[in-house]
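S.K.:
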Amino acid sequence: MAVTTIPARPPASRDRHRRGKSRWIVLAVVTIAALVMLVPFVFMLLNAFKSPGDYSTGGPLSWPSEFYTKGLSNYWNQVNFPLKLWNSLLIAGSVAVLGVVVSLLNAYALGIGRVKGRLWIVGLFLLANMLPQEALIYPLYYAAKQVGLYNTQLSVIIIFTVIQSAFGTYLLASVLSTFPKSVLEAASLDGAGKWTVLWRVIFPNLRPTLAVLLIFFFIWTWNEFLIPLVMLIDNSTQTIPVALASLQGDRLMDAPTTNAGALISLIPAVLFFIIFQRTLSRGITAGAEK
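Be aware that the sequence shown starts at 1, since it is given in the UniProt record's numbering, and climbs by one per residue.
Structure (structure tokens):
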């Protein structure tokens, strides 16, 4: 009678050891990639505190001979940074809130409601996300001129609310299309209306996803350049990216002041991300678990 032998499984410690090696390799690759991504920020920080003489003599890679802070004050006063900061906060904050609200209402109608041609409408929102801003800028410019909203923050808020809510509607409609029907039927049997279902049933379950959208909409709008550049021509209405670009002339650029301005302009966005980092991680984790 032949005896079959079952191959012995490798010890658990050996599996952990192998997994440990792969984890260290992945960690090393991620660390190297993070350091490479930080190189431009290191150069920006280095040249922000470098005098124009040091920059012209040693170039962007040289170490500054003195701690030069005049570039920061020049940028602060030259572009009126507090006003530009308020404009950016107003536009990005308004777009983030309005974009989330519009996305939720649209997705509720498409994902939960019985809208005819729902798939075609969702596909239209997906197509809108693929359109480049260069293709939209001329119609938006002439439309703003016709309605009298040109050179106002309201025009930029309306434009980016529509643009961001197109992505938010597509994302939330896909999520709500898989929402359990039994929960909605139970709410209807309890006498809940459409608004009650939205705010008492749908909204609490989508809160992590909405928080992620709010953060993304704020950061995306904060970094926008082309549309604010075309739509906001007055110095009192411009945003931080437009003000930063105004430092670069046709044939002359003050590199230390530009780097100092980029450093100051980066701080609010980084602080916003750090403050809401836990909210972002919780929202992504909740979405993955669902």
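Built from N, CA and C at the ideal position, the CB exists for glycine as well.
Kindly indicate which three-state DSSP category Q248 falls into: helix, strand or coil?
M.R.: Assignment of Q248 by DSSP, reduced to helix, strand and coil, places it in the strand class.
S.K.: Less than 8 Å between the C-beta atoms of L210 and L104, yes or no?
M.R.: Closer than 8 Å, so yes.
S.K.: Excluding sequence positions up to five away, which residues of its chain have a Cβ less than 6 Å from the Cβ of F276?
M.R.: I215
S.K.: Contact between the stretch 118-138 and the stretch 225-235 is defined here as three or more beta-carbon pairs at a separation below 8 Å; is this criterion met?
M.R.: yes
S.K.: Quick one: does L38 have its CB under 8 Å from some CB of chain D?
M.R.: The question asks about chain D, but that chain is absent: this structure has only one protein chain.
S.K.: If we count Cβ pairs, one from each stretch, closer than 8 Å, do we get three or more for the stretch 74-85 versus the stretch 173-186?
M.R.: no
S.K.: Between the C-alpha atoms of V122 and A173, what's the straight-line distance to the nearest angstrom?
M.R.: 8 Å
S.K.: Taking Cβ to Cβ, would you say T169 is nearer than 8 Å to F125?
M.R.: yes
S.K.: Rounding to the nearest angstrom, what Cα-Cα distance links A288 and V30 in this structure?
M.R.: Note that A288 has pLDDT 47, beneath the 50 cutoff, so the model's placement of it is unreliable and no number is given.
S.K.: Using a Cβ-Cβ cut-off of 7 Å (strictly less than) and excluding sequence neighbours within five positions of Q153, which residues of its own chain qualify?
M.R.: N87, L90, I91 and T237
S.K.: Can you give me the C-alpha to C-alpha distance between G99 and N129, rounded to a whole angstrom?
M.R.: Spanning the two alpha carbons is a distance of roughly 14 Å.
S.K.: Can you tell me whether DSSP reads T152 as helix, strand or coil?
M.R.: coil
S.K.: Just the Cα atoms here: how many angstroms apart are E224 and Q248?
M.R.: 18 Å
S.K.: Evaluate M1 with the Cβ neighbour count: other Cβ atoms within 10 Å of its Cβ, from every protein chain shown; 16 or more gives buried, anything less gives exposed.
M.R.: Residue placement at M1 cannot be trusted, given a pLDDT of 48 that sits under 50; what the coordinates show is reported in the next sentence. Exposed.
S.K.: To the nearest angstrom, how far is it from the Cα of T178 to the Cα of Y150?
M.R.: 41 Å
S.K.: Between A166 and N205, what straight-line distance do the alpha-carbon atoms span, to the nearest angstrom?
M.R.: 21 Å
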